[in-house]
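These notes are about the structure you will find just below.
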Amino acid sequence: MSIDFIIAAFITVVGLTTPILLAGLGELVVEKSGVLNLGVEGMMLIGAVCGFALTYTYGFDYPGIAPWGGILAAAAGGALSALLFGFLVLELNSNQVATGLALAIFGTGLSSLIGQGFTGMIITPFGSIFPDALATGRYTQVIFGYSPLVYFALAMVPAVHWFLNRTRAGLILRAVGENDLSAHSIGYSVKQVRYAAIAFGGAMAGIGGAYFSMVITPMWAEKMTAGRGWIALALVVFAGWRTGRLLAGAFFFGVLMTLELYAKASGFSLVPSEVWAAMPYLMTVVALTLISRRETAGGNAPACLGKPFLPTA
Amino acid sequence: MANISRRTLIKTGAAAATLSAIGAPVLAADKIKIGFVFLGPIGDYGWTWAHNQARLMVDKELGDKVETVYVENVNEDASAIPVIRDLAKQGCKLIFTTSYGYMDQTIQVASEFPDVKFEHCTGYKRAANVATYNSKFHEGRAVLGTISGMMSKSGTIGYLGSYKVPEVVLGVNSMALSAQKKNPNAKIKLVLIDSWFDPPKEAAATQTMINLGCDIVATHTDSPGPLQILEQKKLYGFGQGADMSKFAPHAHLTAIEDYWGPYYIQRAKAVLDGSWTSTDTWDGIKEGTVRFAPYNKVMPDDVKAAADAIRKGYMDGTYNVFTGPIYDQDGKLRVKEGEVISDADLAVMDWFVKGVETAS
Chain H
0 MSIDFIIAAF ITVVGLTTPI LLAGLGELVV EKSGVLNLGV EGMMLIGAVC GFALTYTYGF
60 DYPGIAPWGG ILAAAAGGAL SALLFGFLVL ELNSNQVATG LALAIFGTGL SSLIGQGFTG
120 MIITPFGSIF PDALATGRYT QVIFGYSPLV YFALAMVPAV HWFLNRTRAG LILRAVGEND
180 LSAHSIGYSV KQVRYAAIAF GGAMAGIGGA YFSMVITPMW AEKMTAGRGW IALALVVFAG
240 WRTGRLLAGA FFFGVLMTLE LYAKASGFSL VPSEVWAAMP YLMTVVALTL ISRRETAGGN
300 APACLGKPFL PTA
Chain Y
0 MANISRRTLI KTGAAAATLS AIGAPVLAAD KIKIGFVFLG PIGDYGWTWA HNQARLMVDK
60 ELGDKVETVY VENVNEDASA IPVIRDLAKQ GCKLIFTTSY GYMDQTIQVA SEFPDVKFEH
120 CTGYKRAANV ATYNSKFHEG RAVLGTISGM MSKSGTIGYL GSYKVPEVVL GVNSMALSAQ
180 KKNPNAKIKL VLIDSWFDPP KEAAATQTMI NLGCDIVATH TDSPGPLQIL EQKKLYGFGQ
240 GADMSKFAPH AHLTAIEDYW GPYYIQRAKA VLDGSWTSTD TWDGIKEGTV RFAPYNKVMP
300 DDVKAAADAI RKGYMDGTYN VFTGPIYDQD GKLRVKEGEV ISDADLAVMD WFVKGVETAS
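In order, the protein sequence lines correspond to chains H and Y. Mind the numbering: the first sequence is residues 0 to 312 in numbering that gives the first Met the number 0, read in order. Mind the numbering: the second sequence is residues 0 to 359 in numbering that gives the first Met the number 0, read in order.
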């Protein structure tokens with residue numbers, strides 16, 4: 000096994016890890032504020048189509064700036080769709096699970112609608128911004144060969160950790176997620192905090208979706224995220240709402256999936272392929288079970304997760 | 000695409016009654032509604048896109064004699080039953096269910112609507128009002144295999160498939176046998192990803208096969224994602240189901256195009272004139288169901304000529320890739336010299352030929 004072989008495999012792992020890491024980080028913050036948004040898949044698709052649409056539309060005239068604009072559009076699209084969810088669950092106190100599932104379906108449909116004029120088009124992949132010598136060099140590509148989104152995702156891991164654990168705003172966010180009534184009684188606006196968290200989660204999911212439509216396969220196709228949003232959701236639970244574990248979990252997922260492909264292409268299988276096919280669903284079932292038993296799930300689960308905020312006074 | 004209203008339904012009924020009274024064939028109709036059940040979105044630029052193009056051909060060819068409706072993104076589970084039933088209740092007299100996984104659902108709904116004709120794509124269960132149709136994609140794969148055998152420098156060809164179903168097994172085997180005719184040492188690496196449409200996984204699988212030495216990757220899944228990876232790596236591949244050259248102008252050597260239009264028109268006409276019967280159709284290159292996108296200009300002339308020779312062989316019936324001797328993966332002789340695998344045996348083929356590397 001040569002070093003080139005390992006480098007190429009590692010690059011595949013990074014490609015599979017990044018989008019679920021982005022979406023997972025966003026969802027982690029949302030859940031820490033006490034809101035369960037199951038609509039990650041829908042928000043990712045909206046981000047994917049918005050990012051592609053903007054990059055495609057302006058890519059010919061402004062090739063340097065267009066992809067950055069595309070990322071902003073993806074974040075904005077994801078955040079806006081998340082705020083719609085936020086309005087329903089925060090203002091109308093609708094059931095978070097049902098509303099989140101509705102957002103997943105709505106996002107799938109809306110992204111198809113927006114994307115109607117963009118199927119069959121392609122853009123230049125949003126690749127490395129480092130000089131070619133570094134980005135495509137035999138060894139240097141391991142560090143410099145990725146899309147800016149990869150570095151952004153990695154930087155967001157310590158940033159989110161720092162925000163949640165070391166800043167006043169993060170402390171308030173966690174307080175809202177642990178005991179909304181207490182936070183409310185000492186004067187914090189539970190709704191504002193949750194709106195902000197939901198918007199951030201949507202933006203991150205949108206950027207994660209754009210990784211598919213702008214980096215891996217630079218095109219728009221309906222349902223192109225193929226269920227990664229659900230995996231991101233499950234990861235947050237498996238990570239016990241901790242950022243470091245989320246990174247490890249996303250990377251582990253990338254490694255597992257890559258190993259599966261290498262095993263198959265080399266003529267043997269680690270486990271029967273039916274098990275792989277069932278894996279996302281199994282993981283979702285296990286994750287939802289863990290959510291419902293959150294008192295025992297590591298103790299780090301926000302106490303108000305999924306519960307409506309109903310101040311009595 | 001307009002919804003049929005009660006009034007137009009009565010009108011159509013009255014018109015049909017009048018027609019039969021004046022001596023037209025009893026079962027003939029002057030206008031029929033045709034329903035289509037699609038697996039993916041019509042914008043997938045592959046399987047469903049091709050079926051929808053065929054639907055549009057029916058509209059164009061038969062004009063105001065037909066009205067077509069479709070439902071896209073229909074899952075291959077019990078949820079397909081109410082979708083098909085709803086089309087029948089809307090007044091569709093002919094319903095195409097365009098994926099293998101609708102087989103039992105089609106049979107069930109067909110038993111509830113004996114007056115409605117059903118056409119199920121790629122299945123094998125038929126009834127008095129259920130016909131089946133399929134395309135000999137493996138004939139197209141013989142052409143792709145010939146091209147790959149001549150153009151692959153490493154002699155290792157990747158094949159990205161969905162599931163181990165006969166259609167994919169035939170495709171892989173056809174590709175391997177054809178490539179080996181041009182390069183006896185050619186090998187096929189097969190990766191089945193347990194999905195027909197998953198662009199990120201298709202892309203990762205393509206990267207994997209490239210890393211394992213494949214310099215040509217053929218796809219038997221539905222997205223153009225793999226071609227985009229091949230384009231970035233300056234390697235070659237083929238479109239699946241439709242011309243995908245705009246996704247990868249350099250990498251796209253040619254594509255197998257599914258061309259269902261003529262069959263759909265023929266079946267719609269049969270319902271219109273009352274001559275429809277339950278049939279089992281398996282057409283290929285000769286009948287025009289399997290077509291090819293234009294060759295990429297990077298293909299050398301001798302490769303083009305060899306590809307054309309295979310196509311011509313299928314056109315005039317002188318060539319069949321499944322002609323013995325054929326050995327299986329373990330080196331056992333499965334088809335003797337000069338023997339040809341029958342269509343019936345092909346339809347249930349579940350073993351791989353020599354030179355195919357895969358996880359079982």
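A virtual CB, placed ideally from N, CA and C, is assigned to each residue, including glycine.
Of all the alpha helix (DSSP H) runs that stay within the bounds of the stretch 36-107 of chain Y, which reach a length of 4 or more residues? Counting whole runs of 4 or more residues, the stretch 36-107 of chain Y contains the alpha helix (DSSP H) stretches 46-61 and 79-88.
Does the distance from the C-beta atom of LEU226/Y to that of ALA247/Y stay below 8 Å? Closer than 8 Å, so yes.
Anticipated Cβ contact below 8 Å, TYR262/Y with THR288/Y, distance rounded: In this structure, TYR262/Y and THR288/Y form a Cβ contact; the two beta carbons are roughly 7 Å apart against a cut-off of 8 Å.
Taking the beta strand (DSSP E) that HIS160/H falls in, what are its first and last residues? Looking at the DSSP string, HIS160/H is not in any beta strand (DSSP E); the run it does join, the alpha helix (DSSP H), is 147-165.
Answer yes or no: do ILE219/Y and SER161/Y have a C-beta to C-beta separation smaller than 8 Å? The question names Ile, yet the displayed sequence has His at residue 219/Y. The criterion of a C-beta distance shorter than 8 Å is satisfied by HIS219/Y and SER161/Y.
Shortest alpha-carbon distance to GLY85/H belongs to which of GLY136/H, VAL29/H, ARG165/H and ARG137/H? Taking the Cα of GLY85/H as reference, the smallest distance to any Cα among GLY136/H, VAL29/H, ARG165/H and ARG137/H is reached at VAL29/H.
Checking 8 Å against the spacing of the C-beta atoms, do TYR158/Y and LYS188/Y come in under that value? Yes.
Please name the residue, chosen from GLN104/Y, PHE237/Y and THR67/Y, that lies closest to LYS92/Y on a Cα-to-Cα basis. Comparing Cα-Cα distances from LYS92/Y to each of GLN104/Y, PHE237/Y and THR67/Y, the minimum goes to THR67/Y.
Check the Cβ of GLU356/Y against every Cβ in chain H and list those closer than 7 Å, keeping chain order. GLY266, listed in chain order.
GLY23/H versus GLY200/H: straight-line alpha-carbon distance, rounded: Between GLY23/H and GLY200/H, the C-alpha separation is close to 8 Å.
Measure from the C-beta of PHE59/H to each C-beta in chain Y and report whether the shortest distance is under 8 Å. No, its Cβ sits nowhere closer than 8 Å to a Cβ of chain Y.
Output, in chain order, the set of chain H residues within a Cβ distance shorter than 7 Å of PHE246/Y. Within 7 Å Cβ-Cβ: ILE121 and MET218.
PRO124/H touches chain Y at which residues, Cβ-Cβ below 9 Å? Within 9 Å Cβ-Cβ: GLN227 and GLN231.
Rounded to whole angstroms, what's the CA-CA distance from THR11/Y to LEU271/Y? Just pull it up for me. With a pLDDT of 45 at THR11/Y, under the threshold of 50, the predicted position of this residue should be treated as unreliable, and no value is reported.
contact_flag[the stretch 97-104 of chain Y, the stretch 68-81 of chain Y] where n(CB pairs < 8 Å) is 3 or more: In short, these stretches touch, since the Cβ pair count reaches three.
Could you tell me which chain H residues have their CB closer than 9 Å to the CB of LYS200/Y, listed as they occur along the chain? Per Cβ cutoff of 9 Å: LEU15, ALA225, MET256 and LEU260.
Sorted by chain position, which residues of the same chain lie with C-beta nearer than 8 Å to LEU176/Y's C-beta, five sequence neighbours on each side aside? Correct list, in chain order: ALA141, GLY144, VAL320, PHE321, ILE325 and VAL352.
Quick one: Cα of TYR318/Y to Cα of LYS180/Y, how far? Cα to Cα, TYR318/Y sits roughly 13 Å from LYS180/Y.
Just checking LEU260/H against the ligand HEM - is the residue's beta carbon closer than 7 Å to any of the ligand's heavy atoms? You won't find the ligand HEM in this model; it holds no ligand whatsoever.
Against chain H, with Cβ distances strictly below 8 Å, would MET0/Y count as a contact? Bear in mind that the predicted position of MET0/Y carries a pLDDT of just 41, short of 50, making it too unreliable to give a figure here.
Taking 8 Å as the limit between beta carbons, can you name the residues of its chain near PRO163/Y, skipping five residues before and five after? What sits at residue 163/Y in the sequence shown is Lys, not Pro. The residues are LEU191 and ASP349.
Of the residues that make up the stretch 32-64 of chain H, which ones have a beta carbon closer than 9 Å to any beta carbon in chain Y? Residues of the stretch 32-64 of chain H that bring their beta carbon within less than 9 Å of a beta carbon in chain Y are absent altogether.
Among ASP342/Y, ILE41/Y and ARG266/Y, which one has its Cα closest to the Cα of LEU61/Y? The shortest C-alpha to C-alpha distance from LEU61/Y to any of ASP342/Y, ILE41/Y and ARG266/Y is the one to ARG266/Y.
Over the uninterrupted beta strand (DSSP E) stretch that includes CYS120/Y, give me the two end residues. Run containing CYS120/Y: 116-120, per the beta strand (DSSP E) assignment.
Which residues of chain Y have a Cβ atom closer than 8 Å to the Cβ of THR242/H, listed in chain order? Near THR242/H there are no residues of chain Y at all, since even the closest Cβ is about 23 Å away, more than 8 Å.
Indicate whether GLU71/Y and GLY39/Y have their beta-carbon atoms separated by less than 8 Å. Going by C-beta atoms, GLU71/Y is nearer than 8 Å to GLY39/Y.
Whole beta strand (DSSP E) runs in the stretch 65-134 of chain H with 3 or more residues, listed along the chain? With a minimum length of 3 residues, no continuous beta strand (DSSP E) run stays inside the stretch 65-134 of chain H.
Minimum Cβ-Cβ distance from GLN179/Y to chain H less than 8 Å: Residue contact check for GLN179/Y against chain H: no CB pair falls below 8 Å.
Option in TYR187/H, ASN178/H and LEU44/H with minimal Cα separation from LYS31/H: Residue ASN178/H is the option with its Cα nearest to LYS31/H.
Ordered list of alpha helix (DSSP H) runs contained in the stretch 262-290 of chain Y, each at least 4 residues: Within the stretch 262-290 of chain Y, complete alpha helix (DSSP H) segments of at least 4 residues are not found at all.
Hey, ALA277/H and VAL236/H: beta-carbon distance below 8 Å or not? No, these two residues do not count as a Cβ contact at 8 Å.
Could you tell me the distance, in whole angstroms, from the CA atom of PHE4/H to the CA atom of VAL339/Y? Spanning the two alpha carbons is a distance of roughly 41 Å.
Nearest to ALA231/H (by Cα), restricted to the options PHE9/H, ILE2/H, GLY25/H and VAL13/H: Relative to the Cα of ALA231/H, the nearest Cα in the group PHE9/H, ILE2/H, GLY25/H and VAL13/H belongs to GLY25/H.
State the Cα-Cα distance for the pair ALA130/Y and TRP275/Y, rounded to the nearest angstrom. For ALA130/Y and TRP275/Y, the distance between alpha carbons rounds to 9 Å.
Is the shortest distance between the beta-carbon of GLN318/H and the beta-carbons of chain Y less than 8 Å? Examination of residue 318/H is not possible in this model, given that chain H is present from 0 through 312 alone.
Backbone CA spacing between THR11/H and SER146/H [nearest angstrom]: Take the alpha-carbon of THR11/H and the one of SER146/H: they are about 13 Å apart.
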